[in-house]
Amino acid sequence: MSPGLGIDVGTSEVKAVLLDGEQKVIAAARAPLTVQRPHPGWSEQDPEQWWTAAVAALDAIAAEAPTAMAAVEGIGLSGHMHGATLIGADDKPLRPCILWNDSRSAPQCAALTARADFHGIAGNLVMPGFTAPKLVWVAEHEPEIFARIARVLLPKDYVRLRLTGEHVSDMSDSAGTLWLDGAARRWSPALLDATGLDERRMPRLVEGSAASGRLRGEWVSRWGMARAPVVAGGGGDNAASACGIGAVSPGQAFLSLGTSGVLFVVTDRFRPNVAGAVHAFCHAVPDTWHQMGVVLAATDSLNWLARLLKSDAASLVGALGEALAAPSPVLFLPYLGGERTPHNDAAIRGAFAGLGHGADAATLTRAVLEGVAFAFADCFEALKQAGSDVESFTAVGGGARSALWLRMLATILDRPVAVPVNGDIGAAFGAARLGMAAASGAAPRDLCAAPRVARTIEPDPRWRDAYAVRLSQYRGLYPALKAAVR
Numbered sequence: 034m035s036p037g038l039g040i041d042v043g044t045s046e047v048k049a050v051l052l053d054g055e056q057k058v059i060a061a062a063r064a065p066l067t068v069q070r071p072h073p074g075w076s077e078q079d080p081e082q083w084w085t086a087a088v089a090a091l092d093a094i095a096a097e098a099p100t101a102m103a104a105v106e107g108i109g110l111s112g113h114m115h116g117a118t119l120i121g122a123d124d125k126p127l128r129p130c131i132l133w134n135d136s137r138s139a140p141q142c143a144a145l146t147a148r149a150d151f152h153g154i155a156g157n158l159v160m161p162g163f164t165a166p167k168l169v170w171v172a173e174h175e176p177e178i179f180a181r182i183a184r185v186l187l188p189k190d191y192v193r194l195r196l197t198g199e200h201v202s203d204m205s206d207s208a209g210t211l212w213l214d215g216a217a218r219r220w221s222p223a224l225l226d227a228t229g230l231d232e233r234r235m236p237r238l239v240e241g242s243a244a245s246g247r248l249r250g251e252w253v254s255r256w257g258m259a260r261a262p263v264v265a266g267g268g269g270d271n272a273a274s275a276c277g278i279g280a281v282s283p284g285q286a287f288l289s290l291g292t293s294g295v296l297f298v299v300t301d302r303f304r305p306n307v308a309g310a311v312h313a314f315c316h317a318v319p320d321t322w323h324q325m326g327v328v329l330a331a332t333d334s335l336n337w338l339a340r341l342l343k344s345d346a347a348s349l350v351g352a353l354g355e356a357l358a359a360p361s362p363v364l365f366l367p368y369l370g371g372e373r374t375p376h377n378d379a380a381i382r383g384a385f386a387g388l389g390h391g392a393d394a395a396t397l398t399r400a401v402l403e404g405v406a407f408a409f410a411d412c413f414e415a416l417k418q419a420g421s422d423v424e425s426f427t428a429v430g431g432g433a434r435s436a437l438w439l440r441m442l443a444t445i446l447d448r449p450v451a452v453p454v455n456g457d458i459g460a461a462f463g464a465a466r467l468g469m470a471a472a473s474g475a476a477p478r479d480l481c482a483a484p485r486v487a488r489t490i491e492p493d494p495r496w497r498d499a500y501a502v503r504l505s506q507y508r509g510l511y512p513a514l515k516a517a518v519r
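What follows is the structure, encoded as structure tokens:
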């Protein structure tokens, strides 16, 4: 099989990986991104940043591995979901992209919910993180921009537009807009109409492993390719990550410790649970869906503490060692920018509870790690209520480098956590697999094998009861905190 290229448009960086025909990583490159927060609760990026970073990453890979780059026949894309990228008739952005963690559209959510059956058709609560309420906000606050919208794209699909000239998206990423009929895997005219839009302003839909177009000639020449590669539909970042770690069949699951935290379970049909604020989306492989619980601030919480203490996250966590110990006397609620699962609360904010004179950096660091793990436990409970219990999780993401954090999660979730040999597999790797499937015609499940496991972390029975008590206390704080921040 020919080499494949994967491009992941993250929140903090664009990452690209080049795989050989045996799916070994030949080269990888990253280019940083920045987020603008012009007002409290706002989070934006300039789409041109994504393109500049993608070109820089691919330039670096072409320089490092020119022979393999020349043989690439398939490219896959992934990216952070929900971002409202508004494109004019000239295919240029009309304003900065409103990102997944932007909460400005919270006031528009209730009214939008009442306009159409978003719960039944899209299978998700109307949350400010999703794309649809962002467009309602634009219509109300920037009507001159709304009137000029020719296409609404998602972040990775803007990069696709620059690569291929095509307006295309895939099922998994599009499910996060709230405009997709999740069971039928097509745009819903009723949901679009509720937002003042129609299908003419939407990209064409393809499956994640299907071709969406071919690379433009100028980029084929720039990167020294023998012929124009196929660009696959790709997937939203979590669905692409699932392809990377082999979670493509019902019952398979992973947890991601990234900027946000995710519990991801593959399902054989569309199974919403809006009561628990569980996300129900199409997968990036055909005829497959998934459920997902989301913690908005996972490693983001740890990085926030590190900035506050004028340290770095690795040093703070390293000072705790790798062995579990008694829970911190301080509880931390990681709601720095609201929370998704299970609360769907954009206004809630985080807190430390139980601070005393003896609280130091180690106390607060342990509390943050535990608080994020407790938030994962809330997600798992919501997934179980939706009918998705699992026997184990595979851990991915930057936070998965911490053995201590994974021991906490295994014990609090009461499930084994498998650690892949390459824990930084990520969405770019899965995207490359989807690109290879599109180029070769191979079934994506045949290409998306599970990685080798370096070790499995079992729940620690010595601390299970102590953590269960703290989890109950953690859950008891939310109602009081909700009242305090209103």
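93 is the number that my numbering gives to position 60 of the sequence shown; each next residue is one higher, with no gaps.
Just so it is clear, CB atoms sit at the ideal spot from N, CA and C, and this is done for glycine as well.
Note that the coordinates shown come from a computational prediction; the quantities given were computed from them, not determined experimentally.
Where residue i sits in the DSSP three-state scheme
i: glycine 209; result: helix
i: tryptophan 75; result: coil
i: glycine 112; result: strand
i: methionine 325; result: strand
i: histidine 174; result: helix
i: tryptophan 256; result: coil
i: isoleucine 131; result: strand
i: asparagine 306; result: strand
i: aspartate 378; result: strand
i: phenylalanine 179; result: helix
i: glycine 162; result: coil
i: threonine 146; result: helix
i: alanine 384; result: strand
i: glutamate 232; result: helix
i: proline 512; result: helix
i: aspartate 214; result: strand
i: glycine 371; result: strand
Where residue i falls, given that 16 or more other Cβ within 10 Å makes a residue buried
i: histidine 390; result: exposed
i: alanine 513; result: exposed
i: proline 522; result: Lying outside 34 to 519, the shown extent of the chain, residue 522 is not represented and no answer is given.
i: histidine 323; result: buried
i: histidine 312; result: buried
i: alanine 419; result: buried
i: glutamate 177; result: exposed
i: lysine 57; result: exposed
i: aspartate 447; result: exposed
i: arginine 234; result: buried
i: glutamine 285; result: buried
i: histidine 115; result: buried
i: glutamate 240; result: buried
i: histidine 316; result: buried
i: aspartate 333; result: buried
i: glutamine 82; result: buried
i: leucine 341; result: exposed
i: glutamate 491; result: exposed
Check whether residue i and residue j have beta carbons under 8 Å apart
i: arginine 485; j: valine 454; result: yes
i: alanine 49; j: alanine 331; result: no
i: alanine 62; j: isoleucine 40; result: no
i: tryptophan 133; j: glycine 112; result: no
i: alanine 103; j: glycine 215; result: no
i: glycine 430; j: glycine 291; result: yes
i: serine 274; j: glycine 107; result: no
i: leucine 248; j: leucine 187; result: no
i: threonine 146; j: cysteine 130; result: no
i: proline 360; j: alanine 499; result: yes
i: aspartate 53; j: alanine 101; result: yes
i: leucine 439; j: valine 423; result: no
i: serine 136; j: glycine 468; result: no
i: arginine 193; j: serine 245; result: yes
i: serine 242; j: alanine 483; result: no
i: arginine 148; j: alanine 227; result: yes
i: valine 295; j: serine 282; result: no
i: proline 65; j: serine 45; result: yes
i: valine 318; j: arginine 218; result: no
Residue i: first and last residue of the uninterrupted beta strand (DSSP E) it sits in
i: lysine 48; result: 46 to 52
i: serine 274; result: Premise fails: serine 274 lies in the alpha helix (DSSP H), 270 to 278, not in any beta strand (DSSP E).
i: valine 239; result: 237 to 239
i: serine 348; result: No beta strand (DSSP E) holds serine 348; the alpha helix (DSSP H) holding it covers 346 to 351.
i: arginine 63; result: 58 to 65
i: glycine 39; result: 37 to 42
i: serine 334; result: Unbroken run through serine 334 is the alpha helix (DSSP H), 332 to 341; no beta strand (DSSP E).
Residue i: first and last residue of the uninterrupted alpha helix (DSSP H) it sits in
i: aspartate 190; result: 188 to 197
i: leucine 91; result: 80 to 97
i: alanine 464; result: 459 to 473
i: aspartate 411; result: 394 to 418
Fill in: the stretch 193 to 209 touching the stretch 342 to 352, judged by at least three CB pairs closer than 8 Å
The stretch 193 to 209 vs the stretch 342 to 352: no contact.
Discussion item. Using 8 Å as the cut-off, can you tell me whether the stretch 372 to 381 makes contact with the stretch 501 to 517, which would need three or more C-beta pairs spanning the two stretches below that distance?
Written reply: Verdict: yes, contact present.
Discussion item. Assess contact between the stretch 382 to 400 and the stretch 412 to 428, defined as three or more Cβ pairs (one per stretch) separated by less than 8 Å. Is contact present?
Written reply: Taking a contact to require three or more Cβ pairs closer than 8 Å, the stretch 382 to 400 and the stretch 412 to 428 do not qualify as touching.
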